[in-house]
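What follows is a short report on a single structure.
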Amino acid sequence: MVGGNFAFEFAALARKEVRLNLPQTSSYWFQNGRGAIAGLIKLLKLKPGDEVLVPEYHCEEVTKPFFNRGIKCNYYRIDKNLSIRLKEIKKQVSDKTRLVVVITFMGFPQEEREEIVKWCQKNKLALLEDNVPIARDKISPRPGAFQIYSFRKHTGVVGGAVLVLPRGKKKSDYPTLEFLPAKATAEIFQLAAAMSRFLSQVIPIKILWLVTYKLHRLGEDLLDDEIRGASKLSRFLIIRAGWQKIIQKRQANSGYLTERLIKAGLKPLIKKVPPKATPLMLPVVIDNPERVKQKLRTRGLFVTQFWHLPKYLNKRLAPTADWITKHVIYLTVDQRYGEKEMELQAVTLARVKINP
1 MVGGNFAFEF AALARKEVRL NLPQTSSYWF QNGRGAIAGL IKLLKLKPGD
51 EVLVPEYHCE EVTKPFFNRG IKCNYYRIDK NLSIRLKEIK KQVSDKTRLV
101 VVITFMGFPQ EEREEIVKWC QKNKLALLED NVPIARDKIS PRPGAFQIYS
151 FRKHTGVVGG AVLVLPRGKK KSDYPTLEFL PAKATAEIFQ LAAAMSRFLS
201 QVIPIKILWL VTYKLHRLGE DLLDDEIRGA SKLSRFLIIR AGWQKIIQKR
251 QANSGYLTER LIKAGLKPLI KKVPPKATPL MLPVVIDNPE RVKQKLRTRG
301 LFVTQFWHLP KYLNKRLAPT ADWITKHVIY LTVDQRYGEK EMELQAVTLA
351 RVKINP
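Per the UniProt record's numbering, the sequence shown runs over residues 1 to 356.
Okay, here's the thing in structure tokens:
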């Protein structure tokens, strides 16, 4: 089996040195990304009737904290290559808009980021960069933007997300956040899933993968969008994770897999991996993605469609999200794997496409 849920780095348990530096006076730890968004809502004093701009293609978990607090979400279009354009954001802004959400899809940086930042600053709009890719150097505040880092997605740790304030801002500039404790039951299930995932690599029995997935889902379903702090275990693992190795491996896997896909006559959605990207997964254009996904999984490859067209939107309001749902699958570039596994994905996908 290639892929599955991301690797839990047990080696971090033995490390003593801190490998991830965070600005203590301008960052907050949360149990998950939804909690970080809930925290931002309180920091910005958003209230019912306020509006937020969100890209049409997004994880539905992003909008839940807004919906649950009576805040309206409007949606701007994106390009098929997952690029966000300032001109599309401008079309949806209104006098009630308070926040613009930009998603760094799959860990690929947005080309128009600087233009969007300047425009938001000029128009006195808060800007949130969600799913920011991990950088090799210290995580630091950026001018004009809040940042959310969801570390669980890259390492499989039991919890943990960080909200970083814009450069020049400190916690004392905003309302005080009162944190609830992390949900221990959610993290127990996630830890059990990590152990099951580890065993499934040693003992390749299909039932172990099914158990892993069920435990993982149970843990995910117990999470909520309350303002909950990250547990001590999550923080310990995150700041001691081997981030340099994770970044280097994901970049190398993405570059190699992209080349092999193109050579096999397939179409990566993003033709070249940017040097500052820390890819989560690699999107590929394919017909009948649901069928292809099932075919690849029966051959031992973990493939996903990731996000779908949100149930509260339709293809008229979100044409690109609809197109991606119907034409894109995502392949793993997990740091556990190397060129052999990347080659296997490209070759198997090419065979499935030719011989459905």
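Backbone N, C-alpha and C fix where the C-beta goes; we use that ideal spot for every residue, glycine too.
DSSP, reduced to helix, strand and coil, places Gln305 outside both helices and strands of the structure shown, so it counts as coil.
The Cβ atoms of Pro175 and Phe146 lie no closer than 8 Å to each other. By a beta-carbon distance limit of 8 Å, Gln244 does not contact Thr278. Their separation comes to about 11 Å.
Rounded to whole angstroms, the separation of the alpha carbons of Tyr213 and Ser200 is 11 Å. Within its own chain, the residues whose Cβ lies closer than 8 Å to the Cβ of Val352, once the five positions on either side in sequence are excluded, are Val292, Lys295, Leu296 and Arg299, listed in chain order.
For Tyr312, the number of other beta carbons within 10 angstroms of its own is below 16, and it is reported as exposed.
In the structure shown, Phe179 adopts coil according to DSSP, grouped into three states. Under the DSSP assignment, Met195 falls in the alpha helix (DSSP H) whose first and last residues are Ala184 to Val202. About 6 Å separates the beta carbons of Gly156 and Ala194, which is inside the 8 Å limit, making them a contact pair. Asp322 and Asn288 have their C-alpha atoms spaced approximately 13 Å apart. Within the stretch 91-170, the complete alpha helix (DSSP H) segments at least 4 residues long are 113-122 and 152-155, listed from N- to C-terminus. Contact check for Thr320 against Tyr57 passes: the beta carbons are separated by less than 8 Å. Around the beta carbon of Asp79, fewer than 16 other beta carbons lie within 10 angstroms, which makes this residue exposed. Rounded to the nearest whole angstrom, the C-alpha separation of Val117 and Val54 is 15 Å. For Ser254, the three-state secondary structure derived from DSSP is helix. Under the 8 Å Cβ criterion, the stretch 92-108 counts as touching the stretch 65-78, having at least three qualifying pairs. Relative to the Cα of Gly229, the nearest Cα in the group Asn21, Trp29 and Arg19 belongs to Trp29. Per the C-alpha coordinates, the member of Glu111, Arg34 and Ala11 positioned closest to Glu226 is Arg34.
Bridge partners of Lys72 according to DSSP: Glu51.
For a cut-off of 8 Å, the C-beta gap from Gln305 to Ile329 is around 6 Å, short enough to register as a contact. Here DSSP, grouped into helix, strand and coil, assigns Thr332 to strand. Under the three-state reduction of DSSP, Ser172 is assigned to helix. Around the beta carbon of Asp173, a 10 Å sphere encloses fewer than 16 other beta carbons of the protein chains shown; the residue is thus reported as exposed. Per the coordinates, the alpha-carbon of Tyr337 lies some 11 Å from the alpha-carbon of Gln345. For Lys353, the three-state secondary structure derived from DSSP is helix. In this chain, Ser26 is not harboured by any alpha helix (DSSP H), its DSSP state being neither H nor E. Ala38 is classed as buried because its beta carbon has at least 16 other beta carbons within 10 Å across all chains shown. Glu115 is positioned such that its CB atom lies closer than 8 Å to that of Leu86.
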